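Engineer: Numbering (my numbering), first residue to last: 13 to 223.
What follows is a single structure, and I will ask about it in a moment.
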């Protein structure tokens, strides 16, 4: 017997639970457009819910949009200054016409463990990232990945094309990503670091295994 179709709210609840991220007292994660009781026909993920990306999602039959930035560029849903903006009106009407639901998946993604960038690197994925927060501490330009300016989809596209056109470089960076993740974020590395920390707090006593 086929399962009943899921609503956006049901799927979003599962996604947030699976993220294993702690709930913040205040968060900007929310449905920024659409009706959460809408039946989901497919899921599309994107960093920015540009009108072009939304059109591609609609063409593919996907109406639940997970976007890192709010659909209408406003984290607090203040649209007072946008009601006369042509692009805002076009995007809003397009979302309504295609029964889309846009969810701003920002805080839960940033707070999830393991970190998405480090997890991807461990799998050999070469990240295309921006210089925000602690990302520059994880990724080195040209060694593990590529940096692009924030909110610049054209720069992201150019970086993807550059990596796709140089498979040898992509393979080298992929191998370096795996090695970096293993050496910097493995369980063994964390265990060694914590052992050294506890030893220093205990007056440099030699760590012992207690059975």
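The beta-carbon is built from N, C-alpha and C at its ideal position, and this holds for glycine as well.
Quick caveat, the model's predicted, so the values are computed rather than measured.
Just to confirm, are residue 2 and residue 43 a CB contact at a threshold of 7 angstroms?
Structural biologist: Since the displayed the chain opens at 13 and closes at 223, residue 2 lies outside it and no answer follows.
Engineer: For a quick check, are the C-beta atoms of residue 134 and residue 196 less than 7 angstroms apart?
Structural biologist: Here residue 134 refers to the residue found at position 122 when the chain shown is read from its first residue. Here residue 196 refers to the residue found at position 184 when the chain shown is read from its first residue. Cβ atoms of residue 134 and residue 196: not closer than 7 angstroms.
Engineer: Could you tell me the alpha carbon to alpha carbon distance between residue 107 and residue 141, rounded to whole angstroms?
Structural biologist: On the chain shown, position 95 is the one that residue 107 refers to. On the chain shown, position 129 is the one that residue 141 refers to. Residue 107 and residue 141: Cα-Cα distance of roughly 28 angstroms.
Engineer: Between the alpha carbons of residue 186 and residue 147, how many angstroms are there, rounded?
Structural biologist: Along the chain shown, read from residue 1 onward, the residue named residue 186 stands at position 174. Along the chain shown, read from residue 1 onward, the residue named residue 147 stands at position 135. Roughly 17 angstroms between the two C-alpha positions.
Engineer: Kindly give me the distance between the Cβ atoms of residue 165 and residue 62, rounded to whole angstroms, as I take these residues to be in contact under 8 angstroms.
Structural biologist: Within the chain shown, residue 165 is the residue found at index 153, counting from 1. Within the chain shown, residue 62 is the residue found at index 50, counting from 1. Sure, about 6 angstroms apart at Cβ, within 8 angstroms.
Engineer: I need the straight-line Cα distance from residue 27 to residue 75, nearest angstrom please.
Structural biologist: As a working note, residue 27 is residue 15 in the chain shown. As a working note, residue 75 is residue 63 in the chain shown. If I take the Cα positions, the gap works out to 16 angstroms.
Engineer: Please report the distance separating the alpha-carbon of residue 29 from that of residue 173.
Structural biologist: Numbered from 1 along the chain shown, position 17 holds the residue referred to as residue 29. Numbered from 1 along the chain shown, position 161 holds the residue referred to as residue 173. One C-alpha to the other measures close to 34 angstroms.
Engineer: Apart from the five residues on each side of it in sequence, which residues of its chain come closer than 7 angstroms, Cβ to Cβ, to residue 123?
Structural biologist: Your numbering for residue 123 matches position 111 in the chain shown. Result list for residue 123: 33, 34, in chain order.
Engineer: When you compare only the Cα positions, how much space is there between residue 184 and residue 198?
Structural biologist: In the chain shown, counting from the first residue as 1, residue 184 sits at position 172. In the chain shown, counting from the first residue as 1, residue 198 sits at position 186. So the two alpha carbons sit approximately 20 angstroms from each other.
Engineer: In the DSSP output, what is residue 199 paired with across the bridge?
Structural biologist: In the chain shown, counting from the first residue as 1, residue 199 sits at position 187. Residue 199 pairs with nothing; no bridge assigned.
Engineer: Tell me the rounded alpha-carbon separation between residue 129 and residue 188.
Structural biologist: Along the chain shown, read from residue 1 onward, the residue named residue 129 stands at position 117. Along the chain shown, read from residue 1 onward, the residue named residue 188 stands at position 176. Taking the straight line from one Cα to the other gives about 14 angstroms.
Engineer: Between residue 154 and residue 139, how many whole angstroms is the CB-CB distance? I'm expecting something under 8 angstroms.
Structural biologist: In the chain shown, the residue the question calls residue 154 occupies position 142. In the chain shown, the residue the question calls residue 139 occupies position 127. Not really, about 12 angstroms apart at Cβ, beyond 8 angstroms.
Engineer: Taking the alpha-carbon of residue 46 as reference, which of 113, 72, 77, 151 has the nearest alpha-carbon?
Structural biologist: On the chain shown, position 34 is the one that residue 46 refers to. With distances taken between Cα atoms, residue 46 lies closest to 113.
Engineer: State the DSSP-derived secondary structure class of residue 153, mapped to helix, strand or coil.
Structural biologist: Counted from its first residue, the chain shown places residue 153 at position 141. Strand.
Engineer: Can you say whether residue 213 is buried or exposed, counting buried as having 16 or more other CB atoms within 10 angstroms of its CB?
Structural biologist: Taking the first residue of the chain shown as 1, we reach residue 213 at position 201. Residue 213 comes out exposed.
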